[in-house]
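J.: Sharing a structure with you now.
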Amino acid sequence: MANKPDTTAQKSTVRRDRGRRHPLATVALILVGLVGTGGAYALFTTSATAETSAQAQAQIDEGAKLFAANCATCHGLNLQGTTQAPSLIGVGAASVDFQVGTGRMPLAATGPQAEQKPVQFTDEQVKALAAYVASTGPGPAIPTADQLEGKNTAEGAELFRINCAMCHNVAGAGGALTGGKFAPPLAGVSATHIYEAMITGPQNMPVFNDANISPEDKANIISYLKYLDETPSVGGYGLGNLGPVSEGLFIWIFGLGAIVGITIWLTAKSN
Amino acid sequence: MSTADAAQTVEPTKGQRFTGWAANYVDERTSISGLVKELGRKIFPDHWSFMLGEVALYSFIVILLSGTFMTFFFQASMTPVFYDGSYVPLKGIEMSAAMASTLDLSFDIRGGLLMRQVHHWAALLFVASIGLHMLRIYFTGAFRKPREINWLIGFVLFVLAMAEGFTGYSLPDDLLSGNGLRIIDGLVKGIPIIGTWISYLLFGGEFPGEDVVGRFYVLHILLLPAILVAALGVHMLLLIINKHTQFAGPGRTNDNVVGVPIMPVFAAKAGGFFFIVFGVIVLIASLFQINPVWTYGPYDPSPVSAGTQPDWYIGFADGALRLVPPGWELELGAFTLSLNVFLPTIVLMLFLLVVAIYPFIEAWITGDKREHHIADRPRNAPTRTAIGAAGVTSYAVMWGAASSDLIATHFKLSIESVTYSIQALFFLGPIIAYIVTKRVCLALQKKDREIALHGYESGRIVRLPNGEYIEVHEQLDEYDRWKLVSYEDYKPLMLRPDAKGRITNGQRLRSRASRWFFEDRIAPVTRTEIEKSKHAEH
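Chains as they are written, first to last, in my numbering: chain A, 47 to 317; chain B, 33 to 570.
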C-alpha cells in the first residue's frame, strides 16, 4: 500500500520527492512497523513475566530446597564450594541441567571423573535446581529449542572432526584421556545436553564459547550427531564404530575362527 | 587303452566324442597330458592345519576379483573436488578425487559398497590366514631342510601382503588412512640423515602433497601384486617339488607321502573349499561394516580422531611406537636424533629379520643336514615351541599396545597404567611365555611317554583278593602308540676338535646353543622299553 505513492513519486518531478513520497519512506515505514510490533511484543512479554515471576520464584525456592538436601554437603549451602567440590556461583543453568540432567550429579563416587548414572530427579526438579543456581549469579542459560536446529549437517560434520573427534572419536564413539578420564560416547545424548556441554565444558571438556564456535555452528554439530544417531550404519553392523581394532578382532575370532572350523570339518574322518 | 576296449563294446555318445576330440586336440598341441598326469597324482596329506595356506590363496583370489571391480570406478587422484554425491553430511565438502570416488563407490554405484567390504574383509583374512599358516609351519618344524627357501619366500609373501594392505588402506585418502600415512611419514623421517630425503621422495615434497595416492595406487594394483603373484607361483612350485609334510603315523615315513591325489578328490575338495571361503567372506562383508570412510571424512592434516589405529597387521608397529617412554631424543648440534621413533623401527626390523632367517639359525644350532618330511608335534621340539611362544607373545604385546586407549576406556583403566603394564609385559611376557611353554612341552612329552609305556587309565577300578584297589591301565593299540613314540631325538652337540685339532669360537658358540636347545629333553620310548613294559604287565 505504501508502495503506490512511491511509484508515482518516481514518475513525477523532483519537488515531490519529499515527505511521505521520499524514496526511503518505505524503509522508514517498515522500520517503524518493526519497532512498533517488537515494542508491543516486549511489552506483552514483560507483562507476562510479571505474571509468571511468582511462579519463577516458587521454582527457585523449590530448587533451593533440593540443593540444600542433595548438593550442599559438597558444594556448600551458599554454593561457595568446599574442599570436596567447586563453587557453583555463576556456572549457569546450562551447567546444572547438564550435570544433573545426565545423571552425573549428584556424584555416585569420587573418581577420575563424574560417571553417568540413572538420573535422580524429575525434569521439573532438574529445572528448579538450575533456576536456583542461575539465580545466584549470571551464567550460560539452558538453550531453547530453536537454538538446537542445525541447517548444515556437512559443516557440522567438518567442525566435529576438527574440534571434537580427537577426544570423542570421529564417529562419536568416545575415547581415552589421561589418568583414567575419558571422553564419553555421544550416541543418544540429547541435543540440549550436547549444546550445554559445549557452552559449559563439563569434566575435562574445554568450553567452546560463541566466539570459538558460533551458536549456528553448534547447532550444525548437533544436527550431524543426530544424523549419526538416526541413520543406521549403511555397511551392516558397525562393530561399535571403533575402527580397525574391532575389525581386526572380528576377523581373527569370527572370520578365521569360522574358516578353521570349516577346515576341521572338511578333514574330519567319518566315524 | 582300457578306454579303447570300452569304446568297442559301448558306442560313445556325441558328447563323449566331442570331449575326447577336444582333449586330444589340446593335448596334441600342448602335451599337457604329461603335466596333468604328473600333477594329478600329487599327493596331499589330510590335516586341518594343512589348509591354512589354501585359505590365504583363496582370499587372495577374492581380493583380486573385488579389487578389479573397484579399479573401474576408483580415481587415484588427489585433485581437490567438491563432493556432490548422496551422502548428506559430506555434501559440498572439499576432498580429493580419490575420496570422492570412494564415496561414490560406496553410495552411488550398485554393488560398490559390497565390493569394497568384500575387498577389505578379504584383505584382513588374507594376512590373518598367512599369519596362522606361518605359525603352523613354524610349530611343526615344516621349515626344515629342504623347505628353508620356501619359508623365505613365504616370509616375502607375508611382507608383501602387509605392504599391499597398507597401500590399499591409504588409497581412499580419508582421515583415518591419512593419519596412518602421517605415522609412516614420521617413521621414515625418524631415520637419521636420510629420513627427510626419503620422505620428500616418497610424497613428492612436503607431506601429504598431491602425489602419494597416485603412487600408492601403482604400487597397490600393479607392482606389488605382480611381485606377489610371481612369489606365490614359486611358493607353490616349491611346494610341489618339496612335497607336503605329514604328521607321523603308521605307514608314513620320511620317504613317502600318504594322502589323497589331487585328481580328482583333492581338487574337488579344494574347489569346494574356495567357494566356502568366498562365501564366508561375502557373508561377513554383507553383514558387518568395515572402514566407513564416510564417517572418517576426507583427510585434513589437522584433525586426528581418538582411537585412530591401523589395520590389525600394522598394529604391532603402531604399538611399538606407543610403548616408547617420553624424551628419547638426542640433540647433536643442529641435528635431532629421534630415537623415540628410530629405535622401535630397528626393533621391528630385527623382529622381522629373526622370523625370516629362523630356519637357518635352527639348522646351524642343530647341525642337522638331513631332510625332514615328517612334521613335528610342537611338544616334541620344546625349545623351538618355547621360542615360538615367546615370539608370538612379543608380537601380541606390541599388537595389544596399539589398542591401549581402547583397553583403557573399555576396561575402565587409566591409560598410563595400561601403558606401563604393557611396557613391563614387553620385556617379561616373552620370558614367562618361554619358560611356561617349555615346561608344558616337557610335561606333555612325559605324559606321552607314560601313556606309551603303561597305557591309559581305563577308569575301571578292581579290588584284589588282598583288599588292594588298583585302576586297570589299558594298552594303546599299535596305531595310536606310533604317534606317541616316533619322533626325532636330538642330543646336545659334543664339542670336538676339528680336523686340525682346534676348537674354534664358532664351534664353542654352537655347542652352547645346542646345549640350550636340547639339554632338557625327554627321550622317545624305544622298542626295548615297550617290550619290557609289556613283560612287566604280565
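From the three backbone atoms N, C-alpha and C, an ideal C-beta is built for every residue, glycine too.
Remember, it's a predicted structure, so these values are computed and weren't measured experimentally.
1. Could you tell me which of A:199, A:311, A:246, A:308 sits nearest to residue 268 (chain A), measuring between CA atoms?
2. For residue 78 (chain B), return the contacting residues in chain A, with the cut-off set at a CB-CB distance below 7 Å.
3. If we ignore side chains and look at the alpha-carbon of each, how far apart do residue 209 (chain B) and residue 345 (chain B) end up?
4. When we look at the beta-carbon of residue 136 (chain B) and count the other beta-carbons within 10 Å, is it buried (16 or more) or exposed?
5. For residue 294 (chain B), count neighbouring C-beta atoms within 10 Å of its own C-beta (all shown protein chains included) and say buried if the count is 16 or more, exposed if not.
6. Starting from residue 114 (chain B) and walking both ways along the alpha helix (DSSP H), at which residues does that stretch end?
7. Please classify residue 189 (chain B) as buried or exposed, where buried requires at least 16 other C-beta atoms within 10 Å of its C-beta.
8. What residue from B:337, B:515, B:439 has the CA that sits closest to residue 216 (chain A)'s CA?
9. Mind listing the chain A neighbours of residue 510 (chain B)? Cutoff is C-beta to C-beta under 7 Å, in chain order.
10. Let me check understanding here. Comparing Cα to Cα, which of A:226, A:234, A:224 lies closest to residue 218 (chain A)?
11. Below 8 Å, how does it come out for the segment 196-212 of chain A and the segment 127-140 of chain A: are there three or more Cβ pairs, yes or no?
12. How would you call residue 492 (chain B), buried or exposed, if buried means at least 16 neighbouring beta carbons within 10 angstroms?
13. So residue 337 (chain B) contacts chain A; which residues on that side make the cut at Cβ distance below 7 Å?
14. Helix, strand or coil: which one does DSSP assign to residue 47 (chain A)?
15. On the CB-based measure, 16 or more other CB atoms within 10 Å of its CB, does residue 165 (chain B) come out buried or exposed?
16. In this structure, how does DSSP classify residue 330 (chain B) when only helix, strand and coil are distinguished?
17. What residues of chain A sit near residue 324 (chain B), judged by a beta carbon separation below 8 Å?
18. By Cβ distance, which residues of its chain are closer than 8 Å to residue 361 (chain B), with the 5 residues on each side in sequence left out?
19. So what's residue 469 (chain B) in DSSP terms, helix, strand or just coil?
20. List, from N- to C-terminal side, the beta strand (DSSP E) runs of 3 residues or more that fit wholly inside the segment 148-216 of chain B.
21. Answer yes or no: does any C-beta atom of chain A fall closer than 9 Å to that of residue 123 (chain B)?
22. In whole angstroms, what is the alpha-carbon distance linking residue 54 (chain A) and residue 66 (chain A)?
23. Taking only three categories from DSSP, how would you classify residue 392 (chain B)?
24. Can you say whether residue 363 (chain B) is buried or exposed, counting buried as having 16 or more other CB atoms within 10 angstroms of its CB?
25. Flag this pair as touching only if the segment 100-111 of chain B and the segment 162-182 of chain A have three or more C-beta atom pairs under 8 Å; answer yes or no.
26. Residue 448 (chain B) touches chain A at which residues, Cβ-Cβ below 9 Å?
27. Pull up the CB-CB distance for residue 188 (chain A) and residue 139 (chain A), whole angstroms please, since I reckon it's below 8 Å.
28. In terms of residues, what are the limits of the alpha helix (DSSP H) holding residue 262 (chain A)?
29. How far does the alpha helix (DSSP H) with residue 267 (chain B) in it reach, from first residue to last?
30. Would you tell me roughly how many angstroms separate the C-alpha atoms of residue 117 (chain A) and residue 128 (chain A), rounded to the nearest one?
31. If we call anything under 9 Å between Cβ atoms a contact, is residue 546 (chain B) one with residue 420 (chain B)?
32. Would you kindly report the start and end of the unbroken alpha helix (DSSP H) that includes residue 95 (chain B)?
33. Using alpha carbons as the reference points, say which of B:474, B:355, B:514, B:475 lies closest to residue 484 (chain B).
34. Can you tell me which of B:211, B:393, B:193 puts its alpha carbon nearest to the alpha carbon of residue 542 (chain B)?
35. Kindly list the residues whose CB is nearer than 8 Å to the CB of residue 563 (chain B), restricted to its own chain and excluding five residues on each side of it in sequence; keep chain order.
36. What's the C-alpha gap between residue 176 (chain A) and residue 205 (chain A)?
T.: By the coordinates alone:
1. Your numbering for residue 268 (chain A) matches position 222 in the first sequence. Nearest of A:199, A:311, A:246, A:308 to residue 268 (chain A), Cα basis: A:199.
2. Counted from its first residue, the second sequence places residue 78 (chain B) at position 46. In chain order: 313.
3. Numbered from 1 along the second sequence, position 177 holds the residue referred to as residue 209 (chain B). Numbered from 1 along the second sequence, position 313 holds the residue referred to as residue 345 (chain B). Distance between the alpha carbons of residue 209 (chain B) and residue 345 (chain B) is about 14 Å.
4. Locating residue 136 (chain B) in the second sequence gives position 104, counting from the first residue. With 16 or more Cβ atoms within 10 Å of its Cβ, residue 136 (chain B) is classed as buried.
5. Within the second sequence, the letter at position 262 stands for residue 294 (chain B). Classification for residue 294 (chain B): buried.
6. The residue you call residue 114 (chain B) lines up with position 82 of the second sequence. Looking at the DSSP string, residue 114 (chain B) is not in any alpha helix (DSSP H); the run it does join, the beta strand (DSSP E), is 112-114.
7. Translated into the one-based positions of the second sequence, residue 189 (chain B) becomes position 157. Result: buried.
8. In the first sequence, the residue the question calls residue 216 (chain A) occupies position 170. It is B:337 whose Cα lies nearest to the Cα of residue 216 (chain A).
9. What you label residue 510 (chain B) is simply residue 478 of the second sequence in a count that begins at 1. Chain A residues near residue 510 (chain B): none, gap ~18 Å exceeds 7 Å.
10. Against the first sequence, residue 218 (chain A) aligns to sequence position 172. Per the Cα distances, A:234.
11. no
12. The residue given as residue 492 (chain B) occupies position 460 in the second sequence. Looking at its Cβ environment, which holds fewer than 16 other Cβ atoms inside 10 Å, residue 492 (chain B) is exposed.
13. Along the second sequence, one-based indexing puts residue 337 (chain B) at 305. Within chain A, the residues near residue 337 (chain B) are 211, 212, 215, 216.
14. For the purposes of this step, residue 47 (chain A) is taken as residue 1 along the first sequence, with counting starting at 1. Low confidence applies to residue 47 (chain A): its pLDDT is 41, below 50, so where it sits in the model is not reliable, and the reading given next is rough at best. DSSP places residue 47 (chain A) in coil when its eight states are reduced to three.
15. Taking the second sequence and counting its residues from 1, the one referred to as residue 165 (chain B) is at position 133. Buried, since its Cβ has 16 or more Cβ neighbours within 10 Å.
16. On the second sequence, position 298 is the one that residue 330 (chain B) refers to. Correct three-state label for residue 330 (chain B): strand.
17. Counting from one through the second sequence, the residue named residue 324 (chain B) turns up at place 292. Near residue 324 (chain B) (Cβ distances below 8 Å), the residues of chain A are 217, 279, 280, 281, 284, 287.
18. Stepping through the second sequence from its first residue, residue 361 (chain B) is reached at position 329. Same-chain partners within the cutoff: 368, 369, 370, 371, 372.
19. As a position in the second sequence, residue 469 (chain B) is number 437, starting the count at 1. Helix, per DSSP.
20. none
21. Walking along the second sequence from the start, residue 123 (chain B) turns up at place 91. So, interface residue.
22. Locating residue 54 (chain A) in the first sequence gives position 8, counting from the first residue. Locating residue 66 (chain A) in the first sequence gives position 20, counting from the first residue. Confidence at residue 54 (chain A) is low in this model, with a pLDDT of 46, below 50, so the placement of that residue should be treated as unreliable; the coordinate-derived value is given next. Cα-Cα distance, rounded: 12 Å.
23. For the purposes of this step, residue 392 (chain B) is taken as residue 360 along the second sequence, with counting starting at 1. Here residue 392 (chain B) sits in helix by DSSP.
24. Locating residue 363 (chain B) in the second sequence gives position 331, counting from the first residue. With fewer than 16 Cβ atoms within 10 Å of its Cβ, residue 363 (chain B) is classed as exposed.
25. no
26. Position 416 of the second sequence, counted from the first residue, corresponds to residue 448 (chain B). Correct list: 224, 225, 226.
27. By one-based count along the first sequence, residue 188 (chain A) stands at place 142. By one-based count along the first sequence, residue 139 (chain A) stands at place 93. The pair is a contact, with the Cβ atoms about 5 Å apart (cut-off 8 Å).
28. As a position in the first sequence, residue 262 (chain A) is number 216, starting the count at 1. Residues 261-276.
29. For the purposes of this step, residue 267 (chain B) is taken as residue 235 along the second sequence, with counting starting at 1. 256-274 is the extent of the alpha helix (DSSP H) around residue 267 (chain B).
30. For this step, residue 117 (chain A) is matched to residue 71 along the first sequence. For this step, residue 128 (chain A) is matched to residue 82 along the first sequence. The alpha-carbon atoms of residue 117 (chain A) and residue 128 (chain A) are separated by roughly 11 Å.
31. Taking the first residue of the second sequence as position 1, residue 546 (chain B) is located at position 514. Taking the first residue of the second sequence as position 1, residue 420 (chain B) is located at position 388. No, they are not a contact pair.
32. Counting from 1 along the second sequence, the entry for residue 95 (chain B) is found at position 63. Looking at the DSSP string, the run of the alpha helix (DSSP H) that includes residue 95 (chain B) is 84-103.
33. Here residue 484 (chain B) is taken as the residue at index 452 of the second sequence, counted from 1. For residue 484 (chain B), the nearest C-alpha among the options comes from B:514.
34. Counting from 1 along the second sequence, the entry for residue 542 (chain B) is found at position 510. It is B:393 whose Cα lies nearest to the Cα of residue 542 (chain B).
35. As a first step, residue 563 (chain B) is located in the second sequence; it is residue number 531 there, counting from the start. Contacts found: none.
36. Your numbering for residue 176 (chain A) matches position 130 in the first sequence. Your numbering for residue 205 (chain A) matches position 159 in the first sequence. Going by the C-alpha atoms only, they are around 29 Å apart.
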